[in-house]
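Since the structure comes first, as structure tokens, the remarks are kept for the end.
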Amino acid sequence: MSINTSLEIGQRALRASQLGLTVTGQNIANVNTPGYSRQDVELASSVVLGKPQPAGNGVDVVSIKAFRDQFIEGRLQAETANTGRLTAQQQTLAPLEEILNESNSGGINQALNDFFGSFRNLDANPTSISLRTATIENASDLANVLSSTRSRLVDARNSTDGLLQNDVKQVNTLAARVAELNKSIKSAETVGNPTLELRDQRNELVKSLSEFAGVRAIENQDSSVSVTLADGQALVLNDQAFSLEATATPPSGLSTITLNGKPAVIDNGRLKGETDSINYINSKINDLDNFASALANRVNTIHHTGEDLNGVGGGDFFVANNGGPITAANISVAPNIKNNPSQIAAAAVGVGKGDGSVARQLANLLTDTSSQVGTVTGSFSSIYAGFVADAGAAIKTAQDNLTTQQAILTQTTEQRNAVSGVSIDEEAVNLLRYQRAFEAAARFLKVSDEITKTIIALGE
Amino acid sequence: MSFRVTDNTLSTRLTSQVNVARQRLALAQEQVASSKRINRPSDDPYGTAAVLQLRTSQSEIDQFSQTAKTANTKLDTVDNTLNSYQTLLDRVQTILTQGVSDTSTSPTRQALATELDSISKEILSLVNLKVGTNYIFGGTQQNQPPFDPVTLAANANPGVSQQVQIEPNSTPIDTDVTANNIFIVNNNSIFNTLTTAATALRGTGNATADHNTLLNSINELGGFVLQSGIARTQVGKSMNQIENALDRLGQTTVAVQSNIQDVESVDFAKAATDLVDSQKTLESVLSTASKINSRSLLDFLS
Chain A
-8 MSINTSLEIG QRALRASQLG LTVTGQNIAN VNTPGYSRQD VELASSVVLG
42 KPQPAGNGVD VVSIKAFRDQ FIEGRLQAET ANTGRLTAQQ QTLAPLEEIL
92 NESNSGGINQ ALNDFFGSFR NLDANPTSIS LRTATIENAS DLANVLSSTR
142 SRLVDARNST DGLLQNDVKQ VNTLAARVAE LNKSIKSAET VGNPTLELRD
192 QRNELVKSLS EFAGVRAIEN QDSSVSVTLA DGQALVLNDQ AFSLEATATP
242 PSGLSTITLN GKPAVIDNGR LKGETDSINY INSKINDLDN FASALANRVN
292 TIHHTGEDLN GVGGGDFFVA NNGGPITAAN ISVAPNIKNN PSQIAAAAVG
342 VGKGDGSVAR QLANLLTDTS SQVGTVTGSF SSIYAGFVAD AGAAIKTAQD
392 NLTTQQAILT QTTEQRNAVS GVSIDEEAVN LLRYQRAFEA AARFLKVSDE
442 ITKTIIALGE
Chain B
1435 MSFRVTDNTL STRLTSQVNV ARQRLALAQE QVASSKRINR PSDDPYGTAA
1485 VLQLRTSQSE IDQFSQTAKT ANTKLDTVDN TLNSYQTLLD RVQTILTQGV
1535 SDTSTSPTRQ ALATELDSIS KEILSLVNLK VGTNYIFGGT QQNQPPFDPV
1585 TLAANANPGV SQQVQIEPNS TPIDTDVTAN NIFIVNNNSI FNTLTTAATA
1635 LRGTGNATAD HNTLLNSINE LGGFVLQSGI ARTQVGKSMN QIENALDRLG
1685 QTTVAVQSNI QDVESVDFAK AATDLVDSQK TLESVLSTAS KINSRSLLDF
1735 LS
């Protein structure tokens, strides 16, 4: 072994230890950086090939490696997508809770009871103008609360749609950044620059993309990541990103999401959760419309069989205020009845004004179990209670699913942390290790230096 | 290699544990504060639906009770009026008996005839009695006088008894008796009988015929007394039905209210225990937080 070799070994050892310290510092600095994977210096004892040599040639820094488990990363991505979907669903369904909450008073149930109850009063005193006026007021209240509930549902749906449009923009921004990083990583690799941090960043972005759009990501041979939607349509290909578009579509004006002009297939992530919520709220709006129309129809049918205080046959009690078919939005008391309470047909035809049998039939309608709304048969009171229960169950399911999912995500995150997370204690040990190694290497260099000096002194 | 527990593992886990504990605490606090188990539909969707339906039942019961009470007031008036009518009929009976007796003199008969006329007017005012704008014996034709105040002719289009439903799923009950079923017997009105009797008392010149007329009037009067008795029985039956119905409605209210309580209200003892429990859980989670985050190896290296 030559003197030079000793110095060389010492120098390499110093460099390796210093690098170890740097990497340890990097780990400690990034203990809280999201998506950061802890790094370590990969060392190997160096040999000089081809030359027979009794001792080795010191240490080589093979590479700096990051601890990252592709399987766990994949799972984390999938669970993040689920969490995104369920979170969005829970957030966007939550407003229904307040809209349909009748745990105190007010609301559709109360209005239904009051409306039909006023016909019960009319049964006992069919000619009373004040009771007739009260009936009309209760009917108007019912119509109003139906339409205000509907418009609050529409608001909830539209604000979910607004959220969806924002999230589409977010997806496009993220996709563009992934494409950008694909490019940076490729060019860094070509010139041999380190790419670990860039990869961590890209990983984190892909995870965010999953959270929003439930994407699939595959790492290619050339180190780029391809991101696709559920049906394989590419969102990111090499250094190119494709934009999702949310376009308002008539007649509802709600957004449809397209990618390159084709409908985007999104089966997970926030966007899916928001779409699901929009569909659910839409179905509730539809249910409420059917409810209003069935209610108006049955009331009108019975009202037609009666006779008013002027001996004239009963007309429509409820009408659509804009002419079309009756929905929860346009249901209102017929203007002629509103202006003239004597036109409520409480009596059966030809029996006399003091008869209240038609009012009685109307009052009994509340709990008459043969009413039909959409595909549901029952009493108006039970159908509405079912409507609220359905919404409550949907919200509860969303909440429960989210709670479970959050536990799964926490667990998966823990697994990732177990592999990739930084432990300050470990780094403290590394710090000691590399510090001692550095000190020893410096000592070795000093000894080598002294030997060199001794040899030089020999020649004097 | 054993499972690595890193700094972030600890903090992630801690955050989620604190969240869970806080959620539990918030839920328990809400239940205690509102004393309700169901504060929004998602707390118990089917319980919510049950409560809504029970509230509907309650509102229905309240309405029925109100209707029954209104009907009862009306029946009360009808009954009182019939009572007055019967008193008047008693008097008519006395007058006719007196008039038909051989000992009564002509001036007495004239006086009795005059009294009959005034009784006839009193009965007319009973027959056409109005509460508010409604004739109580008008039935479904309550807006028209049952007997014409001038001609004393019965309304050509008599109504039928007004009916009202006073309990869920029950047949309606009558809330009155119409004039034609009280004041007309065998197509003959009480007024007709009274007028005929008064004429006979005043004397038509044929004493035997008058005597027979009066006897016939007494006979007819018997029919009216019987009819008024039947009417009062009908009224009494309706009032009885109302009383029973109100009783049942009252019992149902108690049952419905206790059902609502069962479904909606919180078990206070349990809620209070939950509150204390969740508070303790949160405190212990927070105290472990201070322990696990206090030291690392770095603290022991100098």
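If you read the sequences in order, they're chains A and B. Note that the working numbering has the first sequence beginning at -8, numbered continuously upward. Note that the working numbering has the second sequence beginning at 1435, numbered continuously upward. In this text, a Cβ means the ideal position worked out from N, Cα and C, and glycines have one as well.
- Note that the C-beta distance between arginine 190 (chain A) and valine 169 (chain A) is not below 9 Å.
- For glycine 369 (chain A), the enclosing beta strand (DSSP E) covers residues 367 to 369.
- Checking the DSSP bridge columns, you'll see proline 254 (chain A) partnered with A:Thr249.
- The beta-carbon of tyrosine 425 (chain A) is placed no less than 9 Å from the nearest beta-carbon of chain B.
- Remark: C-beta atoms of aspartate 1477 (chain B) and glycine 383 (chain A) approach each other more closely than 9 Å.
- For the pair serine 1518 (chain B) and leucine 1560 (chain B), the CB atoms are nearer than the 9 Å cut-off.
- Leucine 1461 (chain B) and leucine 34 (chain A) have their alpha carbons spaced roughly 55 Å apart.
- Here glutamate 93 (chain A) carries a coil assignment [DSSP, helix/strand/coil].
- Taken in chain order, the members of the region 1457 to 1486 of chain B whose beta-carbon sits within less than 9 Å of a beta-carbon on chain A are Gln1457, Ser1468, Lys1470, Ile1472, Asn1473, Arg1474, Pro1475, Ser1476, Asp1477, Asp1478, Pro1479, Tyr1480, Gly1481, Thr1482, Ala1483, Ala1484, Val1485 and Leu1486.
- For tyrosine 271 (chain A), the closest C-alpha among the options A:Ala221, A:Leu144, A:Arg123 and A:Asn100 is that of A:Leu144.
- Runs of alpha helix (DSSP H) with 4 or more residues, each lying fully within the region 323 to 369 of chain A, are found at 326 to 330 and 348 to 355, listed in chain order.
- A direct Cα-Cα distance of roughly 45 Å separates aspartate 280 (chain A) from asparagine 1674 (chain B).
- Take alanine 320 (chain A), set aside five residues on each side of it, and the residues of its chain with a beta-carbon closer than 6 Å to its own are Ser138 and Arg141, in chain order.
- Distance between leucine 1655 (chain B) and glutamine 1668 (chain B), taken at the CA atoms: about 20 Å.
- No beta strand (DSSP E) of 3 residues or more sits fully in the region 1662 to 1728 of chain B.
- Here threonine 219 (chain A) carries a strand assignment [DSSP, helix/strand/coil].
- Among the residues facing chain B, lysine 329 (chain A) is not included, as its CB has no counterpart in that chain under 9 Å away.
- Three or more Cβ pairs drawn from the region 302 to 319 of chain A and the region 276 to 292 of chain A lie within less than 8 Å of each other, which places the two stretches in contact.
- Cβ proximity to chain B below 8 Å picks out nothing from the region 224 to 253 of chain A.
- Between alanine 1634 (chain B) and histidine 1645 (chain B), the gap from beta carbon to beta carbon is short of 9 Å.
- Just so you know, the alpha carbons of serine 1540 (chain B) and alanine 1665 (chain B) end up roughly 36 Å apart.
- Along the region 181 to 196 of chain A, none of the residues has a CB nearer than 9 Å to a CB of chain B.
- Cβ-Cβ distances below 7 Å link threonine 1501 (chain B) to Val1598 and Ile1600 in the same chain, with the five nearest sequence neighbours on each side left out; the list follows chain order.
- Closest in C-alpha terms to leucine 1546 (chain B), from the list B:Thr1515, B:Leu1488, B:Thr1630 and B:Gly1684, comes B:Thr1630.
- When 9 Å is used as the limit between beta carbons, asparagine 1577 (chain B) is near these residues of chain A: Thr118, Leu300, Gly343, Lys344 and Gly345, in chain order.
- Chain A places no beta carbon closer than 9 Å to that of aspartate 1513 (chain B), leaving this residue out of the contacts.
- Residues of the same chain with a CB within less than 6 Å of the CB of glutamine 406 (chain A), apart from the 5 flanking positions on each side, are Ile63 in chain order.
- DSSP places glycine 49 (chain A) in the coil class of the three-state scheme, outside both helix and strand.
- Per DSSP, the continuous beta strand (DSSP E) segment holding leucine 226 (chain A) begins and ends at 225 to 228.
- Per DSSP, reduced to three states, the secondary structure at arginine 207 (chain A) is strand.
- Between the region 256 to 267 of chain A and the region 74 to 91 of chain A, the count of C-beta pairs closer than 8 Å reaches three or more; the two stretches touch.
- Residues of the same chain with a CB within less than 7 Å of the CB of alanine 102 (chain A), apart from the 5 flanking positions on each side, are Asp132, Leu133 and Val136 in chain order.
- Each residue's CA atom was taken as its position, placing leucine 1558 (chain B) and asparagine 116 (chain A) some 24 Å apart.
- Contacts between asparagine 112 (chain A) and chain B, judged by CB atoms closer than 9 Å, involve Gln1497, Gln1500, Thr1501 and Thr1504 in chain order.
- Taken residue by residue, none of the region 1511 to 1538 of chain B has a beta-carbon sitting less than 8 Å from a beta-carbon on chain A.
- For threonine 1609 (chain B), the nearest beta carbon of chain A is closer than 9 Å to its own beta carbon.
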